[in-house]
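Residue numbers (the working numbering), protein chains in the order written: chain A, 1265 to 1377; chain B, 40 to 287.
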């Protein structure tokens, strides 16, 4: 499943422009502690978080994540969005809280380790 | 004037912090700090500076110097220490913090645990704010707010698994204008460097984060400075004009 498929089916908001959404999503990880994501997320995971700090982009690049979904209606800080577009990291958003989004992703086949 | 060694614990809570023991009254803090051989302390309650004046007053006439300070909780739930000059007018700073500290439902407040006191340990009242909550400031905004009021910003207990810059944000964001990083008493500065890598050019300091009297001075940093003031500590953290950190 690609990010684009998920974005359509879950009606995710797409914050980044000029960043391709055709990346395959192989799994998911939900955490708001970036140290935890660095330690445990896997390549091509979709990361679900409420952190909007620019460091999320660096972590997504470091771990080669498929993309980042901001939950609870959060929007990225201006610097975060600029960095995401520069680094080609897809940033998406939803009004759903983490638990709800993770549940929906799971039923669609996006699973954790 | 000659430079001298000065032992400082610049991260101490009072009974105003919801998690600080009631026993952390101004007179008890001063007494315990002196008994622990400290020359300089800072009063750093969660999101408030309102008990600092009482501790400064309680230490008047003793050898102990006291800086007013704060431990700000940022929107990312990172704790940032702000230290100010003794006598700094912190009213506008505090108002700005309270304006950006969301109120929670009454039942989530621990008002009786947030005790405002005077220098003689008399209860002045209770802080009605939700001091344990997170402010709306990003870590960047918190650091700049502290600096804009003449303060010095230090990332707190970066070795801890919660409320630390590294636990919350994975690494120290580039361009963040911190003066130092603090490690908790459970780690030595050397162990912190071994675990997290070098922090250059940031200085590593070690303070107690005391919430009870017996914890005061359980970790301290020695500075080589002319006198116990914020300006001198700032110079020492920058390694300027012969001032420096001697030991953590």
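Note that beta-carbon positions come from the ideal geometry of N, C-alpha and C, so glycine has one too.
Closer than 8 Å by beta-carbon distance: list the chain B residues that pair up with residue i, in chain order.
i               : result
residue 1278(A) : Ordered by position in chain B, no residue passes the 8 Å Cβ test against residue 1278(A), which lies about 23 Å from the chain.
residue 1323(A) : 209
Going by DSSP, name the residue or residues bridged to residue i.
i               : result
residue 80(B)   : 48(B) and 105(B)
residue 142(B)  : According to DSSP, residue 142(B) bridges with nothing at all.
residue 1376(A) : According to DSSP, residue 1376(A) bridges with nothing at all.
residue 1294(A) : 1312(A)
residue 1349(A) : Paired residues: none, contrary to the question.
residue 250(B)  : DSSP, once it has assigned bridges, lists no residue as partnering residue 250(B).
residue 286(B)  : 261(B)
residue 111(B)  : 119(B)
residue 244(B)  : 221(B)
residue 65(B)   : Partner(s): none; residue 65(B) has no beta bridge.
residue 85(B)   : 110(B)
Which same chain residues, not among the five before or five after residue i, have their C-beta less than 6 Å away from its C-beta?
i               : result
residue 205(B)  : 197
residue 1362(A) : 1294, 1312 and 1335
residue 98(B)   : 69 and 105
Which residues of chain A have a Cβ atom closer than 7 Å to the Cβ of residue i, listed in chain order?
i              : result
residue 206(B) : 1297 and 1299
residue 177(B) : 1317 and 1341
residue 267(B) : Residues of chain A passing the Cβ test: none, with the nearest at roughly 35 Å.
Taking residue i as the query, report the chain A residues whose CB atoms sit under 9 Å from its CB, ordered along the chain.
i              : result
residue 223(B) : By Cβ distance, chain A contributes nothing, its closest Cβ being about 15 Å from residue 223(B), past 9 Å.
residue 57(B)  : Those do not exist, as residue 57(B) stays about 22 Å from chain A at its closest Cβ, beyond 9 Å.
Going along the chain, which residues of its own chain have a beta-carbon closer than 7 Å to the beta-carbon of residue i, five neighbours each way excluded?
i               : result
residue 1319(A) : 1298
residue 140(B)  : 86, 168, 169, 172 and 174
residue 62(B)   : 251 and 252
residue 281(B)  : 42
residue 160(B)  : 64, 65 and 66
residue 1305(A) : 1293, 1311, 1327 and 1329
For residue i, return the contacting residues in chain B, with the cut-off set at a CB-CB distance below 7 Å.
i               : result
residue 1332(A) : Under the 7 Å cutoff, chain B gives no residues; its nearest Cβ is about 13 Å from residue 1332(A).
Leaving aside the five residues before and after residue i along the sequence, list all residues of the same chain whose C-beta is less than 8 Å from its C-beta, in chain order.
i               : result
residue 150(B)  : 165, 166 and 167
residue 235(B)  : 197, 198 and 205
residue 60(B)   : 54, 250, 251 and 252
residue 183(B)  : 216
residue 1266(A) : 1285, 1286, 1287, 1288 and 1289
residue 125(B)  : 95, 104, 105, 106, 107, 268 and 269
Please list the partners that residue i has in chain A, where partner means a Cβ-to-Cβ separation under 8 Å.
i              : result
residue 212(B) : 1317, 1318 and 1319
residue 115(B) : 1315 and 1317
Output the residue ranges of the beta strand (DSSP E) runs that lie fully inside the stretch 252 to 281 of chain B and measure 3 residues or longer, sorted by chain position. 260 to 264
Sequence ranges, beta strand (DSSP E) only - wholly within the stretch 166 to 239 of chain B, length at least 3: 191 to 194 and 219 to 222
So, do the stretch 84 to 92 of chain B and the stretch 48 to 58 of chain B have three or more beta carbon pairs nearer to each other than 8 Å? Taking a contact to require three or more Cβ pairs closer than 8 Å, the stretch 84 to 92 of chain B and the stretch 48 to 58 of chain B qualify as touching.
Per the contact definition of three or more C-beta pairs closer than 8 Å, is the stretch 1351 to 1359 of chain A in contact with the stretch 1276 to 1284 of chain A? yes
Threshold first: 3 residues or longer. Then list the beta strand (DSSP E) segments lying entirely within the stretch 1311 to 1337 of chain A, N to C. Qualifying beta strand (DSSP E) stretches, in chain order: 1331 to 1334.
Evaluate contact between the stretch 1325 to 1342 of chain A and the stretch 122 to 130 of chain B, counting only Cβ atoms and requiring at least three cross-stretch pairs below 8 Å. no
Determine contact between the stretch 99 to 109 of chain B and the stretch 172 to 183 of chain B, defined as no fewer than three beta-carbon pairs at a distance below 8 Å. Below 8 Å, too few C-beta pairs join the stretch 99 to 109 of chain B and the stretch 172 to 183 of chain B to call them touching: fewer than three.
Does the stretch 235 to 249 of chain B touch the stretch 211 to 224 of chain B, meaning 3 or more C-beta pairs lie closer than 8 Å? yes
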